[in-house]
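Asker:
Number of protein chains: 2
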Amino acid sequence: MAQNSALIVIDMQNGFLEKESPLCIAQAKQTVPACASVINKAHEKNIPVFFVNRIYREDGSDVENTRKEVWEKGGKPLTRSSEGALSAQNPPEFIKNVNDYEIIKQRFSAFFQTELDMILRRLGIKTIYLTGTTTPNCIRSTCYDGISLDYNIVVIEDCCSSNSLEIQKANINDMKNIGAKIISSSDF
Amino acid sequence: MAQNSALIVIDMQNGFLEKESPLCIAQAKQTVPACASVINKAHEKNIPVFFVNRIYREDGSDVENTRKEVWEKGGKPLTRSSEGALSAQNPPEFIKNVNDYEIIKQRFSAFFQTELDMILRRLGIKTIYLTGTTTPNCIRSTCYDGISLDYNIVVIEDCCSSNSLEIQKANINDMKNIGAKIISSSDF
């Protein structure tokens, strides 16, 4: 693995993982062990780890328009005061280091109006490994923005998740077609 | 149709339409009549039309890294001096008005490092109608960025194209799931 690599972990938060949340992604929770494993490996190899998390404002002023109704009626998950299954916390299986980065985003791509590109450039990162949820939305948008910004993109397939296996496969295939490398967590 | 709407026509250029080009999208050419029809309707209704086109520099300094080899070996399509099947021209079936906008992009999303959002905001546009190619790459990236920027997104399905019907269907479905409205050109 290249020294100028970073691991990105997107939206692996209770509000997306737990079935009591209106924003739950069906297959996300089962990827927690694989994600935890690559996080540990990245720490061992001194590869920078970025937790890119959704945190919305209490008044909903920064929630996607297309999601606002579901969010409001579903108990306003993923705010700083959300608790339990609706909380913005990463799962307890993720062991964090003091040097890990946290990036807050309000949209799909980890690059969309965030400081991610700025920090990656400062660190001299050339290749980013994508993990987290959901494959069709946040992983894919980040993949396309990453390619657009000339990063090499590697998607760790079994660390990404969708609402169905069919959606997962179609999206992995499209990302492969556009030039992303697809690997499994055992190859990381 | 709302008065504060715009029609976006993405990458409908010879270098993506013609089978002699290395960047040809299999199903793009057959969508030319439907695209031409909505362009005419938009003009009749005084809806602003944006042609978002790929034009690369001759030295390839702005070609996507994942596409550069194919581009170079395939005769460097979509530059200002490319001709015939490799040219950056829109098809002759498209009748343009003097007030149409042209936006040049070098990546997938029509919003990525372009002036599109700036102009749409100035015009007070709230809803954008997406047409062009390819559905999985440029249409979809523009859809996600558009939703991220709080535009209402309407994808005109029969004006968009992919390399296979399977890819087309899966991508239309994902965009519908994230909140885009899907219509046909006869509803425009």
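These protein sequence lines are chains A and Y, in that order. For the first sequence, the numbering used here assigns the number 188 to the last residue and increments by one with no breaks. For the second sequence, the numbering used here assigns the number 188 to the last residue and increments by one with no breaks. Just so it is clear, CB atoms sit at the ideal spot from N, CA and C, and this is done for glycine as well.
Taking only beta-carbon positions, decide if GLY179 of chain A is within less than 9 Å of chain Y.
Answerer: Locating residue 179 of chain A in the first sequence gives position 179, counting from the first residue. By this cut-off, GLY179 of chain A is an interface position.
Asker: Quick check: is the beta carbon of GLN113 of chain A nearer than 9 Å to any beta carbon in chain Y?
Answerer: Position 113 of the first sequence, counted from the start, is the residue given in the question as residue 113 of chain A. Yes - at least one Cβ of chain Y is within 9 Å of the one on GLN113 of chain A.
Asker: Any idea which residues DSSP pairs VAL52 of chain Y with across the strands?
Answerer: Position 52 of the second sequence, counting from 1, holds the residue named residue 52 of chain Y. VAL52 of chain Y is bridged to Y:ILE10 and Y:ILE103.
Asker: Run the CB neighbour count on GLU64 of chain A, radius 10 Å, all protein chains shown included, and call it buried at 16 or more, exposed below.
Answerer: Sequence index remark: in the first sequence, residue 64 of chain A carries index 64 (1-based). Flag for GLU64 of chain A reads buried.
Asker: Give a yes or no on whether 9 Å exceeds the smallest Cβ distance from ALA170 of chain A to chain Y.
Answerer: Taking the first residue of the first sequence as 1, we reach residue 170 of chain A at position 170. Answer yes: the Cβ-Cβ gap between ALA170 of chain A and chain Y drops below 9 Å somewhere.
Asker: Any beta carbon of chain A sitting closer than 9 Å to that of TYR101 of chain Y?
Answerer: Walking along the second sequence from the start, residue 101 of chain Y turns up at place 101. So no, TYR101 of chain Y is outside the interface.
Asker: Measuring alpha carbon to alpha carbon, tell me which of A:THR79, A:PRO92, A:LEU120 and A:PRO22 ends up nearest TYR56 of chain A.
Answerer: As a working note, residue 56 of chain A is residue 56 in the first sequence. Among A:THR79, A:PRO92, A:LEU120 and A:PRO22, the Cα nearest to that of TYR56 of chain A belongs to A:THR79.
Asker: Are the beta-carbon atoms of ILE167 of chain Y and ASP174 of chain A separated by less than 9 Å?
Answerer: Here residue 167 of chain Y refers to the residue found at position 167 when the second sequence is read from its first residue. Here residue 174 of chain A refers to the residue found at position 174 when the first sequence is read from its first residue. Their beta carbons are under 9 Å apart, which means ILE167 of chain Y touches ASP174 of chain A by this criterion.
Asker: Just to check my reading of the structure: VAL154 of chain A and LYS176 of chain A have Cβ atoms closer than 8 Å, yes? What is that Cβ distance to the nearest angstrom?
Answerer: Translated into the one-based positions of the first sequence, residue 154 of chain A becomes position 154. Translated into the one-based positions of the first sequence, residue 176 of chain A becomes position 176. Not really, about 11 Å apart at Cβ, beyond 8 Å.
Asker: Quick one: what's TYR129 of chain A bridged to in DSSP?
Answerer: Within the first sequence, residue 129 of chain A is the residue found at index 129, counting from 1. TYR129 of chain A is bridged to A:LEU7 and A:VAL154.
Asker: Mapping DSSP to helix, strand and coil, what is ILE182 of chain Y?
Answerer: Residue mapping note: residue 182 of chain Y aligns to position 182 of the second sequence, counting from 1. Looking at ILE182 of chain Y - three-state DSSP - the assignment turns out to be strand.
Asker: Taking the beta carbon of GLY84 of chain A as the centre, do at least 16 other beta carbons fall within 10 Å, making it buried, or is it exposed?
Answerer: Position 84 of the first sequence, counting from 1, holds the residue named residue 84 of chain A. Exposed, by the Cβ-count rule.
Asker: Any idea what DSSP makes of CYS24 of chain A, helix, strand or coil?
Answerer: Numbered from 1 along the first sequence, position 24 holds the residue referred to as residue 24 of chain A. Coil, per DSSP.
Asker: In terms of DSSP beta bridges, what is THR79 of chain Y paired with?
Answerer: Indexing the second sequence from 1 puts residue 79 of chain Y at position 79. Partner(s): Y:TYR56.
Asker: Going by beta-carbon coordinates alone, are GLN13 of chain A and ARG54 of chain A separated by less than 9 Å?
Answerer: Within the first sequence, numbered from 1, the residue matching residue 13 of chain A stands at position 13. Within the first sequence, numbered from 1, the residue matching residue 54 of chain A stands at position 54. Yes, the Cβ-Cβ distance between GLN13 of chain A and ARG54 of chain A is below 9 Å.
Asker: What residue range does the alpha helix (DSSP H) around SER37 of chain A cover?
Answerer: Sequence index remark: in the first sequence, residue 37 of chain A carries index 37 (1-based). Residues 32-44.
Asker: Helix or strand or just coil, what does DSSP make of SER141 of chain A?
Answerer: For the purposes of this step, residue 141 of chain A is taken as residue 141 along the first sequence, with counting starting at 1. Helix.
Asker: For PRO136 of chain Y, return the contacting residues in chain A, with the cut-off set at a CB-CB distance below 7 Å.
Answerer: As a first step, residue 136 of chain Y must be located in the second sequence, where it is residue number 136. Within chain A, the residues near PRO136 of chain Y are ASP174.
Asker: Under 9 Å between beta-carbons, which chain Y residues line up against PHE108 of chain A? List them in chain order, please.
Answerer: Numbered from 1 along the first sequence, position 108 holds the residue referred to as residue 108 of chain A. Near PHE108 of chain A (Cβ distances below 9 Å), the residues of chain Y are TYR144, ASP145, ILE147, SER148 and ILE178.
Asker: Taking a Cβ distance cut-off of 8 Å, strictly less, list which residues of the segment 65-91 of chain Y are near chain A, in chain order.
Answerer: Under the 8 Å Cβ criterion, the segment 65-91 of chain Y contributes ASN65, THR66 and ARG67.
Asker: Count the other CB atoms within 10 Å of the CB of LYS45 of chain A; is the residue buried (16 or more) or exposed (fewer)?
Answerer: As a first step, residue 45 of chain A must be located in the first sequence, where it is residue number 45. Result: exposed.
Asker: I think ASP158 of chain Y touches SER185 of chain Y, with their Cβ atoms under 8 Å apart; what is that distance to the nearest whole Å?
Answerer: The residue you call residue 158 of chain Y lines up with position 158 of the second sequence. The residue you call residue 185 of chain Y lines up with position 185 of the second sequence. 5 Å between Cβ atoms; contact.
Asker: Does THR57 of chain Y come within less than 9 Å of chain A when only Cβ atoms are used?
Answerer: Residue 57 of chain Y sits at position 57 when you count from the first residue of the second sequence. Looking at the sequence itself, residue 57 of chain Y is Arg, so the reference to Thr does not match. False, the Cβ-Cβ gap to chain A never drops below 9 Å.
Asker: Just verifying my parser: in three-state terms, what is the DSSP assignment at SER148 of chain A?
Answerer: Against the first sequence, residue 148 of chain A aligns to sequence position 148. SER148 of chain A: helix per DSSP, three-state reduction.
Asker: So ASN90 of chain A and PHE51 of chain A are in contact, right, with Cβ under 8 Å, and what is the actual spacing, rounded?
Answerer: Translated into positions along the first sequence, residue 90 of chain A becomes position 90. Translated into positions along the first sequence, residue 51 of chain A becomes position 51. That pair is a contact at about 6 Å.
Asker: In chain order, what residues of the segment 14-41 of chain A put their CB closer than 8 Å to some CB of chain Y?
Answerer: Here the close residues number zero.
Asker: Go through its chain and collect everything with a Cβ distance to SER81 of chain Y's Cβ below 7 Å, but skip five positions before and after it.
Answerer: By one-based count along the second sequence, residue 81 of chain Y stands at place 81. Once the five neighbours on either side are set aside, the close Cβ partners of SER81 of chain Y are GLU58.
Asker: So, do the segment 92-112 of chain Y and the segment 30-43 of chain Y have three or more beta carbon pairs nearer to each other than 8 Å?
Answerer: In short, these stretches touch, since the Cβ pair count reaches three.
Asker: Name, please, each residue of chain A whose Cβ falls closer than 9 Å to the Cβ of ILE167 of chain Y.
Answerer: The residue you call residue 167 of chain Y lines up with position 167 of the second sequence. What ILE167 of chain Y touches in chain A: ALA170, ASN173, ASP174 and ASN177.
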